[in-house]
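Residue numbers for the sequence shown follow full-length UniProt numbering, beginning at 1 and rising by one. Ideal Cβ positions, reconstructed from N, Cα and C, are used throughout, including at glycine. In this text the structure is predicted, and so the values were computed from the model without any measurement. Okay, structure first, notes after.
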Amino acid sequence: STSQEATAVPERERPTNKQDTENTMHSDPARNTESATVQRRISAKMRKKTLEAYKQAYLVPTKLNNRKAVYLSRETQERADFIVRRLGDRGSNLSSFVENIVRQHLEEYGEDIEKWRRL
1 STSQEATAVP
11 ERERPTNKQD
21 TENTMHSDPA
31 RNTESATVQR
41 RISAKMRKKT
51 LEAYKQAYLV
61 PTKLNNRKAV
71 YLSRETQERA
81 DFIVRRLGDR
91 GSNLSSFVEN
101 IVRQHLEEYG
111 EDIEKWRRL
């Protein structure tokens with residue numbers, strides 16, 4: 001469904017409205033004290049650049065040694081598998097996708113997790 005496709009991409013990777021628009025706040029000349037939302041088109045070149053960055057971060061096949069099983073809800077598995085099949089290149093798979101997401105998360109939050117662990 002359209003709502004699942006739109007929410008399948010992480011929030012920081014997609015605009016808050018349609019895929020090809022972004023929100024910009026500006027002053028409304030008629031009402032100087034209020035702000036209005038204006039939609040501005042994102043170029044196809046910019047969308048492609050963002051897609052390539054996403055693919056490099058998450059959809060690169062990863063060799064997994066000494067593997068362990070991880071369970072996902074059916075809905076999450078189906079949405080993630082859809083992303084891999086639609087956006088991934090040959091060799092992309094769900095296990096690599098999940099591995100790359102978790103690695104990125106651990107790298108980004110590793111120091112904070114260590115601090116929180118000691119609380």
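{"Asked": "Is the distance from the Cβ of Leu-94 to the Cβ of Ala-80 below 7 Å?", "Found": "yes"}
{"Asked": "Would you check if the distance between the CB atom of Thr-62 and the CB atom of Glu-114 is smaller than 7 Å?", "Found": "no"}
{"Asked": "Whose C-beta lies closer than 8 Å to the C-beta of Asp-89 among residues of the same chain, with five residues either side of it excluded?", "Found": "Lys-55, Leu-59"}
{"Asked": "Span of the alpha helix (DSSP H) holding Lys-48?", "Found": "44-58"}
{"Asked": "Would you mind stating whether Ser-92 and Val-102 have Cβ atoms separated by less than 7 Å?", "Found": "no"}
{"Asked": "Quick one, which of Ser-96, Thr-50, Glu-78, Leu-87 has its alpha-carbon nearest Asn-65's?", "Found": "Ser-96"}
{"Asked": "Assuming Ala-95 is part of the alpha helix (DSSP H), what are its boundary residues?", "Found": "Here the sequence assigns Ser to residue 95, which means Ala is not the residue at that position. That run of the alpha helix (DSSP H) goes 94-117."}
{"Asked": "May I have the straight-line CA-CA distance separating Ala-44 from Tyr-109, to the nearest angstrom?", "Found": "32 Å"}
{"Asked": "If we ignore side chains and look at the alpha-carbon of each, how far apart do Ala-57 and Arg-117 end up?", "Found": "27 Å"}
{"Asked": "Grouping DSSP H, G and I as helix and E and B as strand, with all else coil, what is Arg-74?", "Found": "helix"}
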